[in-house]
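Everything below concerns the one structure shown next.
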Amino acid sequence: AVRARDVGWSDDPGDRSARGKTAGAGLGVVLGIASVSIGNELSSEERTEVMLDLHGLHANEATEVLEEFLLSLERECFYGLAYVIVGEQKHTGTQDVARGASRARLATGVREWIHRWGYPWSERDGIICVDPLTHASE
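Oh and the sequence shown: position 125 is 125 in full-length UniProt numbering, straight run, nothing missing.
And the structure:
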């Protein structure tokens, strides 16, 4: 899907070779490099965007994967933004305990984890945007 994206999305020469590659210990995928006109004072590395899909996981599983992903991006010297897909929870079903009603919902659990570790983030339509290089330490 990433490789099939409209080629006019970016005017950066490195976009075509970067998009679709794995990132963050192989857990995520590079979406591409945003156009120079979007962030004209930013380098290509700072305009690169990656994505991790946590949709379908339970909150505790998702936070483990997210931690490994974000720390791997830091080790890989990734300077761009990470988009974390958590979904809008439209298909969570009834409040049946057998279906996970007692478990923390995915988006809530991920937001709490990101907040606890001090990552700057914003959310829209079930996608959380995170700056993987800025966070608290123990």
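Just so it is clear, CB atoms sit at the ideal spot from N, CA and C, and this is done for glycine as well.
| Item | Value |
| --- | --- |
| Cβ-based burial, residue 10 [other Cβ within 10 Å; buried from 16] | buried |
| Status (buried if at least 16 other CB within 10 Å, exposed otherwise) for residue 24 | buried |
| Contact between the region 31–38 and the region 54–72 (3+ Cβ pairs under 8 Å) | no |
| Residue range of the beta strand (DSSP E) that includes residue 124 | 121–124 |
| Run of the alpha helix (DSSP H) containing residue 81, from where it starts to where it stops | That residue, residue 81, is in no alpha helix (DSSP H); its beta strand (DSSP E) goes 81–85. |
| 6 Å CB neighbourhood of residue 72 in its chain, flanking five on each side removed | 24 and 25 |
| Inter-residue spacing [alpha-carbon to alpha-carbon] between residue 44 and residue 118 | 25 Å |
| From 38, 113, 136 and 109, residue whose alpha carbon lies closest to that of residue 49 | 38 |
| Beta-carbon gap between residue 52 and residue 69 smaller than 8 Å | yes |
| Simplified DSSP state of residue 34, which is helix, strand or coil | coil |
| Residues of its chain near residue 129, where Cβ-Cβ distance is below 7 Å and the 5 sequence neighbours each way are ignored | 81, 83, 121 and 122 |
| Residue 20 CB to nearest heavy atom of the ligand NAD below 7 Å | For the ligand NAD, the structure offers nothing, since it holds no ligand at all. |
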